[in-house]
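Step one of this worksheet: look at the structure below.
In this note's numbering, the protein residues as written are 5 to 622.
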């Protein structure tokens, strides 16, 4: 498309970002069909006397040759700056890796797929292998067992009562509850149905402002609605874990999903208070109902898991800097931006970091040590006066002191340094007078590097002439600065904090390579969440069991210990110790099973990585 067509396209109000209907070509210009099209050879063969204008698929003029020259020029300038010590050039992390860039990206995508499959498999295997010990832990927290009965006998009695159903009782119902909540909540956050409804209905300004201000209340109401909707599944799973409902009933009945039916777990509201009586008893019945405690436990679990997960994620040993940019990090950052980012309190983060560091699964947290610069006067207080206005809470910038050349000259020749500094500080800043032409001026000119840039037949050439004493002087300055611990202005600007990519190597970062670290973090996170929510879990299980037995809905087999609950008032110190030790023993058995599964996963992940993706070799 020629220049006239391009101008007509803009003059008629057509967008310059819409591709044209067809690509045109002539003797003086050519247009590319798409951004992936190859540039014609006659464009590269064109000279200044026979210039060929190139247009992209949208009709905009482009100049790839100038872009290539610009890249070469910037690369040459960086080489010069690196040679004189202004900057330090480093090779890209992916330089030196075998294969082309496209091949490496395809290999990483395949490795991510295998890692995702192994992650789902390990999660499902972990749940199935530890579900039975969690069910026994729930029964130990709820029902009363004799103090002198050993823990192995308790497991044997539960296996004799429930059989193999102990390994999966309540798992299908709990899985359905999690899937329902996850799909609905993520769908609402991603697709924004309320915002789309306001756009479709063309709501007014007041309506949009009302919905914008009530977003917190709407989000909380939606969360409560999801809890009530999935409550029959969670209620059924808790009863099956306690052995009060046969495991053959995988899911609750359809009539129990109706909140107004007699078989719904929402009726009665409470076995302690009458919800149809006065307002006070109605509120008490609502607060003591199982749906209230289950929802509170889910809210607390979600809140605690967010804070603990952030602390564990920052402490666990895992690859942190990828050798190649991947979509995995971008997707994770996008999810964090959409669903919110919550940081753990410093006390919790430091405590978890110390525990994981002592166990060898974490690394110490890095703290930025900002050294105070010596020799720079600081004003007393943090208040300055600008004209007739006083500004509070002013913090000076941590920047290295800039010294005037005249001051350095005075120090070298042994002049009165104090007088020169006072004059430079109190008086206005004046540029230094250039030296008179002579021998000293010629020597000073010879001390500067000389750069000559030429372009010859499409090649950019740069010649650099360095003085004979520049490199030696630069080395002496660097060594002298390194020998002084208080000096912060070295040749490579050591007063600036080093970035994370400078002091850490780049790793092979995929879902497969980070799966072992993820499982370690999940193991520690599950134990910490269970410990933090232990009192609330004990209360919830007891209320659910009492509500089910008190409502008269118990049918079929009921465990032999169903009527014997743990009563805190009747427990002795020995009974309390036995009860707590059994709960801790259940957690220890679960942790041991997780460690065994992690060992199996370690063998599988390393075998797949070495055999299929060449881990450990280049």
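Ideal Cβ placement from N, Cα and C applies to all residues, glycine included.
Only a predicted model underlies this, so the values are computations on that prediction, with no experimental measurement involved.
| query | result |
| --- | --- |
| Which residue marks the beginning of the beta strand (DSSP E) containing residue 34, and which one marks its end? | 33-35 |
| Go ahead and pull the three-state DSSP assignment for residue 42. | coil |
| Cutting at 7 Å between CB atoms, please list the residues of its own chain near residue 320, excluding the five before and the five after it. | 360, 365, 366, 521, 524 and 525 |
| In terms of alpha-carbon separation, which member of 547, 350 and 205 lies closest to residue 289? | 547 |
| Answer with buried or exposed for residue 157, where buried requires no fewer than 16 other C-beta atoms within 10 angstroms of its C-beta. | exposed |
| Hey, residue 151 and residue 579: beta-carbon distance below 7 Å or not? | yes |
| Run through the stretch 169-225 for me and flag every whole alpha helix (DSSP H) of 4 or more residues, listed as ranges in chain order. | 175-195, 197-205 and 209-217 |
| Expressed to the nearest angstrom, what Euclidean distance is found between the alpha-carbon atoms of residue 80 and residue 36? | 30 Å |
| Using C-beta distances below 8 Å, list every residue in its chain close to residue 136, excluding the 5 sequence neighbours before and after it, in chain order. | 170 and 171 |
| Find the nearest neighbour of residue 517 within the set 199, 600, 605 and 186, judged by alpha-carbon distance. | 605 |
| Exposed or buried, residue 312, counting other C-beta atoms within 10 Å across all chains shown (16 or more means buried)? | buried |
| What three-state label does DSSP hand residue 513 in the structure shown? | coil |
| Considering only their Cβ atoms, is the gap separating residue 177 from residue 241 smaller than 7 Å? | yes |
| Measure from the alpha carbon of residue 229 to the alpha carbon of each residue in 324, 299 and 598, then state which is nearest. | 299 |
| Per DSSP, which residues does residue 593 bridge with? Please list them. | None; residue 593 has no bridge partner. |
| With a Cβ-Cβ cutoff of 7 Å, do residue 142 and residue 552 count as a contact? | no |
| I need the straight-line Cα distance from residue 527 to residue 265, nearest angstrom please. | 40 Å |
| Apply the 10 Å Cβ neighbour rule to residue 86 and answer buried if 16 or more other Cβ atoms are within range, or exposed otherwise. | exposed |
| Please confirm whether residue 106 has its beta-carbon closer than 7 Å to some beta-carbon of chain B. | In the structure shown, chain B does not exist; there is a single protein chain. |
| Based on Cα-Cα distance, which residue from 215, 184, 182 and 183 lies nearest to residue 197? | 215 |
| Below 8 Å CB to CB, which residues in the same chain sit around residue 608 once its five sequence neighbours on both sides are set aside? | 122 |
| Can you give the beta carbon distance from residue 243 to residue 543, rounded, assuming they're within the 8 Å contact cut? | 16 Å between Cβ atoms; not a contact. |
| Would residue 61 and residue 38 be called neighbours here (beta carbons separated by less than 7 Å)? | yes |
| Tell me, which residues are paired with residue 59 by DSSP? | 35 and 65 |
| Mind reading off the beta-carbon distance from residue 515 to residue 114? Whole number of angstroms is fine, and I expect it under 8 Å. | Not a contact, Cβ separation roughly 11 Å. |
| As a quick exercise: from 610, 591, 615 and 597, pick the residue whose alpha carbon is nearest that of residue 145. | 591 |
| Would you mind reading off the limits of the alpha helix (DSSP H) that contains residue 303? | 294-319 |
| Does DSSP put residue 152 in a helix, a strand or coil? | coil |
| So, under 8 Å CB-CB, residue 270 and residue 263 are touching, yes? Tell me the CB distance rounded to an integer number of Å. | 5 Å |
| For the alpha helix (DSSP H) that contains residue 351, what are its first and last residues? | 350-362 |
| Please name the residue, chosen from 199, 201 and 247, that lies closest to residue 168 on a Cα-to-Cα basis. | 247 |
| How long is the line joining the alpha carbons of residue 633 and residue 161, rounded to whole angstroms? | Outside the displayed range of the chain (5 to 622) lies residue 633, so it cannot be described from this structure. |
| Based on Cα-Cα distance, which residue from 307, 556, 583 and 581 lies nearest to residue 537? | 307 |
| Once DSSP output is grouped into helix, strand and coil, what is the label at residue 366? | strand |
| With distance defined between alpha-carbon atoms, name the residue in 616, 531 and 618 nearest to residue 595. | 531 |
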